[in-house]
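Heads up, the thing below is written out as structure tokens.
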DNA sequence: TAACTTGTAACCACTTGAATTACACGTTAA
DNA sequence: TTAACGTGTAATTCAAGTGGTTACAAGTTA
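Residue numbers (our numbering), protein chains in the order written: chain A, 1 to 144; chain B, 145 to 288.
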């Protein structure tokens, strides 16, 4: 099990919109950078648009950032591309036996624990911004 | 996307082994508590055995805990049932375009960030033990 | 009007999860 | 020693999700 690559592709798209902000970032152009097809890029870009992260309009070529670089956290991207339904990172088996002490209480006991772990993950994603990612990309590029 | 219920079932099994330690915990008995089938329980129990968490032998009815309750963290269970390959909680799109600044550096930039987030998740799971879960189950059961 | 782009839907191949069935093999007790 | 029972494991099935691809309606611009 892995969290969908939509997340990393979303980060890729937003970084590219910044680094290539002088150019026109069509779905076709972005797809070539990501190495996938334009339809998938449009789908993800649509999700980022719904989350208020990018501007993109039917018929008009190119997407642009809708927020400051430093104001877009990876958590926002994570949630935007909908890779994990809210509070459902961990799957919990359904319908345990109510006639059993464990079965009767396992779900209520585990849920808050899973929730804490999930929040820890989200917190870690929440402190990193696309600006950080763009900086990392540019720095790495210099050293090569 | 959700992390496989094997994880929560694994926790269920271990908790049951403790709470029903006076009885004989066959795969059939456990399956009735979890509300699934015995074959799946045997599969997961086998994983827990490989991780050194339970004792179970062919032909001999019942599984037992192989470690102290307080010495089994949820992280161990998480890793035992193999729900997430090592360092691969987040999927990263393959083969981005090396002719593009972003494509050339995105993977190396993102990986350490994802790694930090994944470790935060694991850390949260590492501080909770099966003993805590069992205590939670018993406490919840009293209040109902 | 023609060319181009976005937004979507539809379809496919592939992987994974979970349920289920079946059976070989180990153990135990009559 | 044989019958009953339990574990280990493989095979099958069904459902769901992911990512790739094609196709096309609708918006925009030259």
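Backbone N, C-alpha and C fix where the C-beta goes; we use that ideal spot for every residue, glycine too.
*According to DSSP, is residue 245 of chain B helix, strand or coil?*
helix
*How would you write the range of the alpha helix (DSSP H) that residue 155 of chain B sits in, first residue to last?*
150-163
*In the DSSP assignment, what are the bridge partners of residue 90 of chain A?*
B:147
*Quick one: which chain B residues come within Cβ less than 9 Å of residue 89 of chain A?*
145, 146, 147, 265
*If you drop the 5 nearest sequence neighbours on each side, which residues of the same chain put their C-beta closer than 7 Å to that of residue 66 of chain A?*
52, 53, 54, 55
*Quick one, which of B:181, B:234, B:171, B:227 has its alpha-carbon nearest residue 202 of chain B's?*
B:171
_Under 8 Å, Cβ to Cβ, is there at least one residue of chain A near residue 207 of chain B?_
no
*Could you tell me which chain A residues have their CB closer than 7 Å to the CB of residue 269 of chain B, listed as they occur along the chain?*
117
*Does the beta carbon of residue 180 of chain B sit closer than 8 Å to a beta carbon anywhere in chain A?*
yes
*For the beta strand (DSSP E) that residue 277 of chain B lies in, which residues bound it at each end?*
It is not in any beta strand (DSSP E) - residue 277 of chain B instead sits in the alpha helix (DSSP H) that spans 274-286.
*asked:* Taking 8 Å as the threshold (beta carbon to beta carbon), is residue 239 of chain B in contact with chain A?
replied: yes
_Within 10 Å of its beta-carbon, does residue 236 of chain B have 16 or more other beta-carbons around it, so buried, or fewer, so exposed?_
buried
*residue 274 of chain B vs residue 216 of chain B beta-carbon contact at 8 Å*: yes
*Using beta-carbon positions only, say whether residue 127 of chain A and residue 10 of chain A come within less than 8 Å of one another.*
no
*Where do the ends of the beta strand (DSSP E) carrying residue 51 of chain A lie?*
Element bounds for residue 51 of chain A: n/a, residue is neither H nor E.
*Measure from the C-beta of residue 28 of chain A to each C-beta in chain B and report whether the shortest distance is under 8 Å.*
no
_Strictly under 8 Å for the Cβ-Cβ distance: is residue 71 of chain A near chain B by that measure?_
no
*Report yes or no: is there a C-beta of chain A within less than 8 Å of the C-beta of residue 169 of chain B?*
no
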